[in-house]
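Enquirer: For reference, the structure I am asking about is given below.
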Amino acid sequence: MALISCENICLAYDDKEVISDLSFQVNRGDMLCIVGENGSGKTTLIKGLLGLISPVKGKIVMGDGLRQKEIGYMPQQTMAQKDFPASVFEIVLSGCLASRGLKPFYGKKEKTAALENIKKLGIENLKNRCYHELSGGQQQRVLLARALCATKTILLLDEPVAALDPVATDELYHVIEDLNKKEKITVIMVSHDIKCSIGHSTHVLHLQDEGTFFGTVAEYKKSSQAKRFLGGCCDHD
Ligand SMILES: Nc1ncnc2c1ncn2[C@@H]1O[C@H](COP(=O)(O)OP(=O)(O)O)[C@@H](O)[C@H]1O
Ligand SMILES: [Mg+2]
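Residues in the sequence shown are numbered consecutively from 8, following the working numbering.
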């Protein structure tokens, strides 16, 4: 059974429908890249998958025992978050909120998990540094470690490389790919940088008014949507 299955969903704000009649599935081990122009509904879809907004039509079915609170989420970054006055360790630890439950403090279990994820992302040397002093690429690794504290199964990443330079972008893609391949974490990633992101994905969901595409990367490269969006860049595989 698919980990997440969206069946003919519509997502809307008041009367304004942003996503219409959308169906797709995400299976364990997939890396799905969601692309589309500004305002096409990528973040809205992520909010729907997290259960922050409910579909007005259709349904989102979680399979394989997945629960919404066990999804690791990395939001689209805002300027306010960049200046967040906390240490790297504190920020990563805050990702354990769901497993902390009703306890007033984080216990040994949460602290160990935070440290493990800090090590996994190669930022142990930054553990006691202040988040706002770090480079963009380092900050994104901290937020990824934080998202990992909530899950061993699936990560939802909203534009993780948006503010990064090409070198930091490449590094972060490799980190995400390693989490997918080596740690077997399913990844759903929103990205603007379509050419690069499909190089790391297994599936593509392209949201657009003129017809949404969902399928494997190989199918996408042959699609009319990709031809328009990517130009000649799919000619070399
Ligand atoms: N909280 C909200 N209330 C009303 N409209 C919203 C809200 N959030 C987003 N929208 C609108 O929904 C559309 C899709 O937005 P969004 O999902 O953020 O797009 P994307 O992430 O693809 O850029 C846009 O037209 C946006 O203005
Ligand atoms: Mg967005």
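Just so it is clear, CB atoms sit at the ideal spot from N, CA and C, and this is done for glycine as well.
Everything numeric in this text was worked out from a predicted model, so none of it was measured.
Buried or exposed: which applies to residue 226, given that a residue is buried once 16 or more other Cβ atoms fall within 10 Å of its Cβ?
Expert: Working through the sequence shown from its first residue, we reach residue 226 at position 219. So residue 226 ends up on the exposed side.
Enquirer: Would you decide whether residue 245 is buried or exposed? Buried here means 16 or more other CB atoms lie within 10 Å of its CB.
Expert: There is simply no residue 245 to check, as the chain begins at 8 and stops at 244 in what is shown.
Enquirer: What is the rounded straight-line gap between the Cα of residue 121 and the Cα of residue 221?
Expert: Counting from one through the sequence shown, the residue named residue 121 turns up at place 114. Counting from one through the sequence shown, the residue named residue 221 turns up at place 214. About 35 Å.
Enquirer: Output the distance between the C-alpha atoms of residue 18 and residue 52, rounded to the nearest integer angstrom.
Expert: Translated into the one-based positions of the sequence shown, residue 18 becomes position 11. Translated into the one-based positions of the sequence shown, residue 52 becomes position 45. Their backbone Cα atoms lie some 7 Å apart in a straight line.
Enquirer: Under the criterion of a Cβ to heavy atom distance below 7 Å, does residue 22 qualify as lining ligand 2?
Expert: Within the sequence shown, numbered from 1, the residue matching residue 22 stands at position 15. It does not: the Cβ of residue 22 is nowhere closer than 7 Å to a heavy atom of ligand 2.
Enquirer: Just verifying my parser: in three-state terms, what is the DSSP assignment at residue 243?
Expert: Residue numbering aside, residue 243 sits at position 236 when the sequence shown is read from its first letter. Confidence is the limiting factor: at residue 243 the pLDDT is only 41, short of 50, which leaves the residue's position unreliable, though a coordinate-based value still follows. Residue 243 falls in the coil class under three-state DSSP.
Enquirer: Alpha carbon to alpha carbon, how far is residue 217 from residue 245? Give it in angstroms, no decimals.
Expert: Residue 245 lies beyond the range of the chain shown here (8 to 244); nothing can be said about it.
Enquirer: Let me have the residue list for ligand 2: C-beta closer than 7 Å to any non-hydrogen atom, ordered along the chain.
Expert: Here the residues come out as 49, 50, 83, 165, 166, 197.
Enquirer: Pairs of beta-carbons, one from the segment 126–141 and one from the segment 75–84, closer than 8 Å: are there three or more?
Expert: Touching, no, given that fewer than three Cβ pairs across the two stretches are closer than 8 Å.
Enquirer: How many angstroms separate the CA atom of residue 123 from the CA atom of residue 237?
Expert: As a position in the sequence shown, residue 123 is number 116, starting the count at 1. As a position in the sequence shown, residue 237 is number 230, starting the count at 1. Roughly 38 Å separates the two Cα atoms.
Enquirer: Within 7 Å: the Cβ of residue 46 and any heavy atom of ligand 1?
Expert: Indexing the sequence shown from 1 puts residue 46 at position 39. Yes - ligand 1 has a heavy atom lying nearer than 7 Å to the Cβ of residue 46.
Enquirer: Identify which residue in 36, 26, 22 has its Cα closest to the Cα of residue 8.
Expert: The residue labelled residue 8 in the question sits at position 1 within the sequence shown. Residue 8 has its Cα closest to that of 36, out of 36, 26, 22.
Enquirer: How would you call residue 213, buried or exposed, if buried means at least 16 neighbouring beta carbons within 10 angstroms?
Expert: Residue 213 sits at position 206 when you count from the first residue of the sequence shown. Buried, because 16 or more other Cβ atoms sit within 10 Å of the Cβ of residue 213.
Enquirer: Could you compute how far the alpha carbon of residue 21 sits from the alpha carbon of residue 128?
Expert: For the purposes of this step, residue 21 is identified with residue 14 of the sequence shown, where counting begins at 1. For the purposes of this step, residue 128 is identified with residue 121 of the sequence shown, where counting begins at 1. Using only the alpha carbons, I get a separation of about 40 Å.
Enquirer: Is the CB-CB distance between residue 49 and residue 197 below 8 Å?
Expert: Locating residue 49 in the sequence shown gives position 42, counting from the first residue. Locating residue 197 in the sequence shown gives position 190, counting from the first residue. Cβ distance < 8 Å, so residue 49 and residue 197 count as in contact.
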